[in-house]
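Going by numbering that gives the first Met the number 0, 184 is the number at position 185 of the sequence shown; the sequence numbering is gapless.
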Amino acid sequence: MPNLQIISCYGVGYDRIEVPAAIARGIMVTHGPGTNTGSVADHCLALILSLVRRVPESDRAVRQGQWHEARRSTPELGGLRLGIIGLGAIGRAVAKRCAGGFDMAVGYHSRNRAADVPFTYHDSVEGLARASDILVVAAPGGAQTRNMVNAGVLAALGPDGYLINIARGSLVDTDALIHALNAGIIAGAGLDVVDGEPAVPPALLTAPNLVITPHSAARSPTAEAQMTELALKNLAARFADAPVLTPVPEWASLRSA
0 MPNLQIISCY GVGYDRIEVP AAIARGIMVT HGPGTNTGSV ADHCLALILS LVRRVPESDR
60 AVRQGQWHEA RRSTPELGGL RLGIIGLGAI GRAVAKRCAG GFDMAVGYHS RNRAADVPFT
120 YHDSVEGLAR ASDILVVAAP GGAQTRNMVN AGVLAALGPD GYLINIARGS LVDTDALIHA
180 LNAGIIAGAG LDVVDGEPAV PPALLTAPNL VITPHSAARS PTAEAQMTEL ALKNLAARFA
240 DAPVLTPVPE WASLRSA
């Protein structure tokens, strides 16, 4: 494609694009930061509530005539400890909802400590998992974060802990997660993403205490409108020889290298 000038991503993530190769060929790469923050954060809360309060499980039981059997005691969110891997826009939105709306204690792990938040910083993912009842994955995908949530992290989360992934499937070691669910190493998992999606390992689908959705956290009318608008604005700017609005962060450093 010798005439390609720009790759304008519909959404925030761009981990499937070889950005250095594109930039080396003079191809601009843009994405949509902030366009789906609210939608993904809301979906994260839906997964947390569905999992911790066992909503899908109770629904199935009632439909099967097991009304009394389904009336289990489930935890309140208030007072639980939330750990967030990646305190970007989505991580912050999740933290705000959980701390302000559910009175949860929030900790986080990120590449850099944030000076403008009241949350507790942990210098390792495993340390964060050990201090959390619910561990939310909200970090970018890519080679540097592949299998960031591994067997050691899941063991640190423990048999009463829940894992939520609203980021990229590659951040979680799928085999380790399947084992952790089947062996009771963690209490459950809520996933909107799976490594290798849309293919999902059958062993994951049959694992207990799993709530899974088809990478739909960003799919809301508001988010879709914002993603479309920004993608089109970036295209229009490029073809008008004007600065694009949201180049990927690597653009400036790699372009000048």
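Beta carbons: idealized from backbone N, C-alpha and C, even for Gly.
Looking at residue i: is its Cβ nearer than 8 angstroms to the Cβ of residue j?
| i | j | result |
| --- | --- | --- |
| E125 | A104 | no |
| V192 | N164 | yes |
| I47 | M27 | no |
| D132 | D159 | yes |
| G151 | A130 | no |
| G85 | A40 | no |
| L293 | I185 | Residue 293 falls outside the range modelled here, since the chain spans only 0 to 256, and no answer is possible. |
Check each candidate in the options and name the one with the smallest Cα separation from residue i.
| i | options | result |
| --- | --- | --- |
| P74 | G90, V54, I83 | V54 |
| Q143 | A88, H67, R110, D132 | R110 |
| E249 | G10, I84, A21, F238 | A21 |
| N146 | A128, L134, D174 | D174 |
| A128 | G10, D240, G157, G187 | G157 |
| Y9 | A206, A230, L44 | A230 |
Run through DSSP, which three-state label would residue i get?
| i | result |
| --- | --- |
| L153 | helix |
| I84 | strand |
| P1 | coil |
| H108 | strand |
| I89 | helix |
| S123 | coil |
| P55 | helix |
| P19 | helix |
| V171 | strand |
| I47 | helix |
| S131 | coil |
| L162 | strand |
Pull up the distance between the alpha-carbon of residue i and that of residue j, whole angstroms please.
| i | j | result |
| --- | --- | --- |
| I177 | P200 | 9 angstroms |
| T258 | A92 | What is shown of the chain runs 0 to 256, which leaves residue 258 out entirely. |
| L153 | Y120 | 19 angstroms |
| T245 | L3 | 18 angstroms |
| T29 | V247 | 5 angstroms |
| E17 | G140 | 13 angstroms |
| S72 | T227 | 43 angstroms |
| E223 | P197 | 20 angstroms |
| R96 | M0 | 44 angstroms |
| L170 | I83 | 13 angstroms |
| S38 | L76 | 20 angstroms |
| H42 | H214 | 10 angstroms |
| I89 | H108 | 14 angstroms |
| S7 | N233 | 7 angstroms |
| A241 | R218 | 30 angstroms |
| V51 | P32 | 30 angstroms |
| T205 | A236 | 48 angstroms |
| A113 | E68 | 46 angstroms |
> What are the start and end residues of each continuous beta strand (DSSP E) run of 3 or more residues lying completely inside the segment 182–244, in chain order?
Replying inline: Fully enclosed beta strand (DSSP E) runs of no fewer than 3 residues occupy 187–190, 209–211 of the segment 182–244, in order along the chain.
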